[in-house]
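Visitor:
Residue numbers (the numbering used here): 3 to 211.
1. For residue 211 versus residue 145, is the C-beta distance shorter than 9 Å?
2. Buried or exposed, going by whether 16 or more other CB atoms sit within 10 Å of the CB of residue 199?
3. Could you pull the start and end residues of the alpha helix (DSSP H) that residue 174 belongs to?
4. So, at 7 Å on beta carbons, what are the nonlocal neighbours of residue 37 in its own chain, with the 5 sequence-adjacent residues on each side left out?
5. If you drop the 5 nearest sequence neighbours on each side, which residues of the same chain put their C-beta closer than 6 Å to that of residue 19?
6. Residues bridged to residue 46 by DSSP?
7. With DSSP run on the structure shown, which of helix, strand or coil describes residue 29?
8. DSSP on residue 94, reduced to helix/strand/coil?
9. Kindly indicate which residue of 21, 39, 139, 61 has the alpha-carbon position closest to the one of residue 208.
10. Do residue 30 and residue 129 have their CB atoms nearer than 9 Å?
11. If we require 3 or more residues per run, which beta strand (DSSP E) segments fall completely within the region 100-164?
12. If the criterion is Cβ atoms closer than 9 Å, does the pair residue 68 and residue 99 meet it?
13. According to the neighbour-count rule (16 or more other Cβ atoms, all chains shown, within 10 Å of its Cβ), is residue 43 buried or exposed?
14. State buried or exposed for residue 240, treating a residue as buried only when at least 16 other CB atoms are found within 10 Å of its CB.
15. Decide if residue 153 is buried, meaning its Cβ has at least 16 other Cβ atoms within 10 Å, or exposed.
16. Would residue 105 and residue 132 be called neighbours here (beta carbons separated by less than 9 Å)?
17. Could you give the distance in angstroms between the alpha-carbon of residue 155 and the alpha-carbon of residue 72?
18. Compute the distance between the beta-carbons of residue 119 and residue 127, then report whether it is under 9 Å.
19. Can you give me the start and stop residues for the beta strand (DSSP E) that residue 86 sits inside?
20. Is residue 17 helix, strand or coil when you go by DSSP?
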């Protein structure tokens, strides 16, 4: 199924970050890569805490398989967005998010719906298998015909049908209920959140399904 679950071939993969170059990424609502917000350190993209600008893929995706690895500092918080648009001032006003978090030391870890791997503020992971701060976690996100799967460290931790009635019922009970652009797009950018803390991403690649 993925780099982490099987030995899939390299065919058709688009590398968004190869450990050196950032050609596939730019700042949210910016034309260039925000070098004051993110640095390449030891083969990873590392956030620079003082300057919080989110990253998005240059390309837009609809049906896809996304793979990456992340780690956070103690108490760290970030997120992986998909179907992101630039119709709002903030990326999280438009895009669903797989939460990236230190569950142990961040307050969001106390709520399953905002814990690591969750569809942020909407669906909790059925398995809690996140690694502690300072260790890399392996992510796979799959989108196929509006069916979404979140995988973490080799296990499927949640799945849902995007834009289904069940999803909108969850949105109506969430912080997103009054955001006109949230989850309205069926294709969009992949995004990486800069939440102000230190986070590292590496081995970021995606393929269209």
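C-beta atoms are modelled at their ideal positions from N, C-alpha and C, and glycine is treated no differently. Fair warning: this is a prediction, and the values are worked out from it, not measured in the lab.
Guide: Based on what the coordinates show:
1. It is a contact, given that the beta carbons lie within the stated cut-off.
2. Around the C-beta of residue 199, 16 or more other C-beta atoms lie within 10 Å, and the residue is accordingly described as buried.
3. Element bounds for residue 174: 167-174.
4. Residues of the same chain with a CB within less than 7 Å of the CB of residue 37, apart from the 5 flanking positions on each side, do not exist.
5. 47, 206, listed in sequence order.
6. Under DSSP, residue 46 takes part in a beta bridge, and its partners are 43.
7. Strand at residue 29.
8. Helix, per DSSP.
9. The option with the nearest alpha carbon to residue 208 is 61.
10. No, they are not a contact pair.
11. Counting only runs of 3 or more, we get 139-146, 149-154, 157-163.
12. Taking 9 Å as the Cβ cut-off, residue 68 and residue 99 do not qualify as a contacting pair.
13. A residue is called buried when at least 16 other Cβ atoms come within 10 angstroms of its Cβ; residue 43 does not meet this threshold and is exposed.
14. Outside the displayed range of the chain (3 to 211) lies residue 240, so it cannot be described from this structure.
15. When all chains shown are included, residue 153 counts as buried.
16. Contact: yes.
17. Per the coordinates, the alpha-carbon of residue 155 lies some 11 Å from the alpha-carbon of residue 72.
18. Yes, the pair counts as a contact, with Cβ atoms nearer than the cut-off.
19. Run containing residue 86: 79-86, per the beta strand (DSSP E) assignment.
20. Reduced to three states, the DSSP call for residue 17 is strand.
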